[in-house]
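J.:
2 protein chains.
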Amino acid sequence: MIQPGSTDAIAVLGGTGRQGRGLAQWFARAGLRVIVGSRDPVRAREAVAGWPATGPPPEVADYVAASARADVVVLAVPFVSVDPLLQELQPHFKDGTLVIDVMVPVTFAGGKIALIDVAEGSAAEHVRARLPPAVRVACAFKTVPAHLLGAGFGPLDCDEFVCGDSDEARSSASALVALLPGLRPVDVGPLSRARSIEHLTTLAIAINRRHKTHDARFRVVGL
Amino acid sequence: MIQPGSTDAIAVLGGTGRQGRGLAQWFARAGLRVIVGSRDPVRAREAVAGWPATGPPPEVADYVAASARADVVVLAVPFVSVDPLLQELQPHFKDGTLVIDVMVPVTFAGGKIALIDVAEGSAAEHVRARLPPAVRVACAFKTVPAHLLGAGFGPLDCDEFVCGDSDEARSSASALVALLPGLRPVDVGPLSRARSIEHLTTLAIAINRRHKTHDARFRVVGL
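Same order as they appear, the protein sequences are chains C and V. Under our numbering, read the first sequence as residues 1 to 223, first letter to last. Under our numbering, read the second sequence as residues 224 to 446, first letter to last.
#1: Quick one: is C:Ala70 buried, meaning 16 or more other Cβ sit within 10 Å of its Cβ, or exposed?
#2: At a cut-off of 7 Å, is C:Asp40 close to the ligand SAH when judged by its beta-carbon and the heavy atoms of the ligand?
#3: Among C:Val137, C:Phe79 and C:Asn208, which one has its Cα closest to the Cα of C:Pro145?
#4: Have a look at C:Cys139 and V:Pro307 and give me their C-alpha separation to the nearest angstrom.
#5: Does V:His434 have its Cβ less than 8 Å from a Cβ in chain C?
#6: Can you give, in chain order, each stretch of the alpha helix (DSSP H) that sits fully within the region 40-97 of chain C and has at least 4 residues?
#7: Should C:Ser81 go down as buried or exposed, given a rule of 16 or more other Cβ atoms within 10 Å for buried?
#8: On the DSSP letters alone, give me the boundaries of the beta strand (DSSP E) that C:Phe141 sits inside.
#9: Listed from N- to C-terminal order along the chain, which residues in the region 198-223 of chain C have their beta-carbon within a distance smaller than 7 Å of any beta-carbon of chain V?
#10: Could you give the first and the last residue of the continuous alpha helix (DSSP H) run that contains V:Arg449?
#11: Just to confirm, is the Cβ distance from V:Gly240 to V:Ala299 under 8 Å?
#12: Given that C:Ser196 touches chain V, what residues does it touch there, using C-beta distances under 8 Å?
#13: Tell me the rounded alpha-carbon separation between V:Ala288 and V:Glu311.
#14: What residue range does the beta strand (DSSP E) around C:Phe218 cover?
#15: Output the distance between the C-alpha atoms of C:Val42 and C:Phe218, rounded to the nearest integer angstrom.
#16: Classify C:Phe161 as helix, strand or coil using the three-state DSSP reduction.
#17: Using a Cβ cut-off of 7 Å, pull out every chain V residue sitting near C:Asp165, in sequence order please.
#18: Report the CB separation of V:Ala253 from V:Pro227 in whole angstroms; it is logged as a contact under 8 Å.
#19: Is it a yes or a no for the region 197-208 of chain C touching the region 231-251 of chain V, going by three-plus beta-carbon pairs under 8 Å?
#20: Between the C-alpha atoms of C:Val188 and C:Phe161, what's the straight-line distance to the nearest angstrom?
#21: Is V:Arg416 close to chain C? Criterion is C-beta to C-beta, closer than 8 Å.
#22: Please report how far the alpha carbon of V:Arg387 lies from the alpha carbon of C:Ala24, in whole angstroms.
#23: Could you give the residue range of the beta strand (DSSP E) that holds C:Val34?
#24: By DSSP's criteria, V:Gly412 is part of a beta bridge. Which residues make up the other side?
#25: So which residues on chain V does C:Gly189 lean against when the C-beta distance must stay under 7 Å?
#26: Apply the 10 Å Cβ neighbour rule to V:Gln242 and answer buried if 16 or more other Cβ atoms are within range, or exposed otherwise.
#27: Output needed in chain order: residues of the region 122-141 of chain C with a Cβ under 9 Å from some Cβ in chain V.
#28: Quick one: does C:Val106 have its CB under 8 Å from some CB of chain V?
#29: Give me the chain V residues within the contact set of C:Asp157, using Cβ-Cβ distance strictly less than 9 Å, ordered along the chain.
#30: In three-state terms, what does DSSP make of V:Leu454?
#31: Mind pulling the chain V residues with CB within less than 7 Å of C:Val186?
#32: So who's on the other strand from V:Thr330, going by DSSP bridges?
#33: Helix or strand or just coil, what does DSSP make of C:Ala9?
#34: Output the boundary residues of the alpha helix (DSSP H) element that contains C:His126.
#35: Quick check on DSSP: helix, strand or coil for V:Leu354?
#36: How far does the alpha helix (DSSP H) with C:Phe27 in it reach, from first residue to last?
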């Protein structure tokens with residue numbers, strides 16, 4: 001399991017987008033070996049230059065190189081671009097790599113928030129169906145608002161729902177969640193729960209719009 | 224809008240089941256005029272005899288009579304039995320009646336928790352499609368665990384998600400939610416949000432099973 005101080009590396013693909021950057025920054029602060037995966041490594045190198053890190057300074061690589069070197073790969077790219085990306089990356093993953101899907105397949109067509117229909121049931125299962133069996137898949141970080149991951153925000157004070165295709169995938173993903181201050185992982189079981197988690201995100205967006213906030217997130221009471 | 228002290232009546236169909244009974248008891252305690260709708264009014268009369276009420280003592284009626292006399296009708300029956308029930312009741316509702324769907328279309332087939340596929344999208348929209356336009360529909364009380372509604376439990380200390388087919392339906396349902404100690408209504412918008420709420424319930428059940436508790440419920444942080 002990847003943890004602060006280990007030589008294992010975590011790649012964050014889409015690591016210069018808002019969600020990916022926030023996650024990569026927290027992982028670096030926590031002391032993980034972070035590889036920021038980007039289509040534009042020059043820009044990415046500038047971006048990560050000032051990040052505080054308690055472990056090794058964050059590296060930068062293109063998507064293929066980042067995935068090939070990592071033990072954990074976080075998919076923080078738009079859902080609509082994930083199919084060609086997985087096709088490109090698929091031969092490069094190491095056996096035993098854990099892929100963490102953090103995408104939410106939401107559309108805002110016509111001003112209405114809706115989940116995109118996914119034949120496999122959820123974005124996470126869609127990813128699972130496009131990877132070899134030796135690569136494990138978990139789903140996490142789908143409900144915490146991306147902008148709250150940014151520098152300067154205090155403890156997140158909420159729960160983050162985790163599901164995955166194996167006990168090991170779930171515990172590794174949960175351990176990563178627990179690295180972020182104030183974020184408690186809640187294991188909800190197999191990957192087939194991912195759609196319910198994606199619905200939670202939709203609900204958070206709906207609550208934000210209706211109640212004119214940006215910060216809606218969830219806490220499980222009674223646990 | 225129905226409120227403590229008004230002559231408007233709220234019928235709870237399935238008012239002797241665990242969820243319906245808990246809701247009916249709280250409404251009576253809060254001072255609403257409550258009609259417990261039951262297929263077995265004799266048994267129901269025995270059941271309600273000892274309920275504390277700050278307003279009129281709870282009445283008992285069969286489903287048709289309860290629905291015909293009520294201004295708000297809570298559907299606390301199993302989802303699988305709702306089609307024939309709505310067909311039976313449909314001609315008896317008063318114009319302007321608010322129907323509140325509290326059902327969760329969950330199946331436990333093969334030991335796996337899953338939502339029942341509903342052509343209309345959700346149980347709430349299924350109900351909406353089977354009622355005349357003059358009857359309004361809201362969805363509420365789907366995520367608070369039924370056994371926590373029972374006598375003796377303290378403040379619920381969580382949020383309850385509300386959606387509905389009109390502003391009025393949502394505010395009436397929200398006002399009812401707010402009658403229960405420690406329960407905060409969170410308006411999430413149109414009835415098309417109901418499926419996301421139903422997914423939340425599935426998630427709560429999954430969390431309960433996995434973490435060996437019965438009390439999982441939700442709080443929105445940042446609101």
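In this text, a Cβ means the ideal position worked out from N, Cα and C, and glycines have one as well.
T.: Let me lay it out:
#1: Here residue 70 of chain C is taken as the residue at index 70 of the first sequence, counted from 1. Buried is the call here.
#2: The ligand content of the structure shown is nil, which means the ligand SAH is not present either.
#3: Reading the first sequence from its first residue, position 145 is the one you call residue 145 of chain C. Comparing Cα-Cα distances from C:Pro145 to each of C:Val137, C:Phe79 and C:Asn208, the minimum goes to C:Asn208.
#4: Here residue 139 of chain C corresponds to residue number 139 of the first sequence, with the count starting at 1. Here residue 307 of chain V corresponds to residue number 84 of the second sequence, with the count starting at 1. If you take the alpha carbons of C:Cys139 and V:Pro307, they lie about 40 Å apart.
#5: Here residue 434 of chain V is taken as the residue at index 211 of the second sequence, counted from 1. Chain C contact via Cβ: present.
#6: 41-48, 63-69 and 82-89
#7: As a first step, residue 81 of chain C is located in the first sequence; it is residue number 81 there, counting from the start. So C:Ser81 ends up on the exposed side.
#8: Here residue 141 of chain C refers to the residue found at position 141 of the first sequence. Premise fails: C:Phe141 is in no beta strand (DSSP E) and is neither H nor E.
#9: His199, Leu200, Thr202, Leu203, Ala206, Ile207, Arg210, His211, Thr213, Asp215, Ala216, Arg217, Phe218, Arg219, Val220, Val221, Gly222 and Leu223
#10: No statement about residue 449 of chain V is possible, as the shown extent of chain V runs from 224 to 446 and does not include it.
#11: Walking along the second sequence from the start, residue 240 of chain V turns up at place 17. Walking along the second sequence from the start, residue 299 of chain V turns up at place 76. Yes.
#12: Locating residue 196 of chain C in the first sequence gives position 196, counting from the first residue. What C:Ser196 touches in chain V: His422, Leu423, Thr425, Leu426 and Ala429.
#13: Here residue 288 of chain V is taken as the residue at index 65 of the second sequence, counted from 1. Here residue 311 of chain V is taken as the residue at index 88 of the second sequence, counted from 1. Computed Cα separation, rounded: 11 Å.
#14: As a first step, residue 218 of chain C is located in the first sequence; it is residue number 218 there, counting from the start. Here the beta strand (DSSP E) through C:Phe218 covers Arg217 to Val221.
#15: By 1-based counting over the first sequence, the position of residue 42 of chain C is 42. By 1-based counting over the first sequence, the position of residue 218 of chain C is 218. In a straight line, the C-alpha of C:Val42 is about 37 Å away from that of C:Phe218.
#16: To locate residue 161 of chain C, count along the first sequence from 1; it is residue 161. Three-state result, C:Phe161: strand.
#17: Along the first sequence, one-based indexing puts residue 165 of chain C at 165. Neighbours of C:Asp165 on chain V: none; closest Cβ ~15 Å, over 7 Å.
#18: Translated into positions along the second sequence, residue 253 of chain V becomes position 30. Translated into positions along the second sequence, residue 227 of chain V becomes position 4. Confirmed, Cβ separation roughly 5 Å.
#19: no
#20: Taking the first residue of the first sequence as 1, we reach residue 188 of chain C at position 188. Taking the first residue of the first sequence as 1, we reach residue 161 of chain C at position 161. So the alpha carbons of these two residues sit roughly 7 Å apart.
#21: Residue mapping note: residue 416 of chain V aligns to position 193 of the second sequence, counting from 1. Yes, its Cβ sits closer than 8 Å to a Cβ of chain C.
#22: Counting from 1 along the second sequence, the entry for residue 387 of chain V is found at position 164. Counting from 1 along the first sequence, the entry for residue 24 of chain C is found at position 24. One detail in the question is off: residue 387 of chain V reads as Gly in this sequence, not Arg. Rounded to whole angstroms, V:Gly387 to C:Ala24 spans 40 Å at the Cα level.
#23: Within the first sequence, residue 34 of chain C is the residue found at index 34, counting from 1. Arg33 to Gly37 is the extent of the beta strand (DSSP E) around C:Val34.
#24: As a first step, residue 412 of chain V is located in the second sequence; it is residue number 189 there, counting from the start. According to DSSP, V:Gly412 bridges with V:Cys386.
#25: As a working mapping, residue 189 of chain C is identified with position 189 in the first sequence. Within 7 Å Cβ-Cβ: Ala429 and Arg433.
#26: As a position in the second sequence, residue 242 of chain V is number 19, starting the count at 1. Answer is buried; the Cβ neighbour count reaches 16.
#27: none
#28: Numbered from its first residue, the first sequence carries residue 106 of chain C at position 106. Output row for C:Val106: interface = no.
#29: By one-based count along the first sequence, residue 157 of chain C stands at place 157. Those are Val444 and Gly445, listed as they occur along chain V.
#30: As displayed, chain V neither begins before 224 nor continues past 446, which places residue 454 of chain V out of reach and without an answer.
#31: Within the first sequence, numbered from 1, the residue matching residue 186 of chain C stands at position 186. Going along chain V in sequence order, the residues near C:Val186 (Cβ under 7 Å) are Ile430.
#32: For the purposes of this step, residue 330 of chain V is identified with residue 107 of the second sequence, where counting begins at 1. Answer is V:Ala337, bridged to V:Thr330.
#33: Here residue 9 of chain C refers to the residue found at position 9 when the first sequence is read from its first residue. In the structure shown, C:Ala9 sits in a strand (DSSP, three-state: E or B).
#34: Here the question's residue 126 of chain C lines up with position 126 in the first sequence. From DSSP, the alpha helix (DSSP H) with C:His126 extends over Ala123 to Arg128.
#35: Numbered from 1 along the second sequence, position 131 holds the residue referred to as residue 354 of chain V. Here V:Leu354 sits in coil by DSSP.
#36: Here the question's residue 27 of chain C lines up with position 27 in the first sequence. Counting along the chain, the alpha helix (DSSP H) containing C:Phe27 begins and ends at Arg18 to Ala30.
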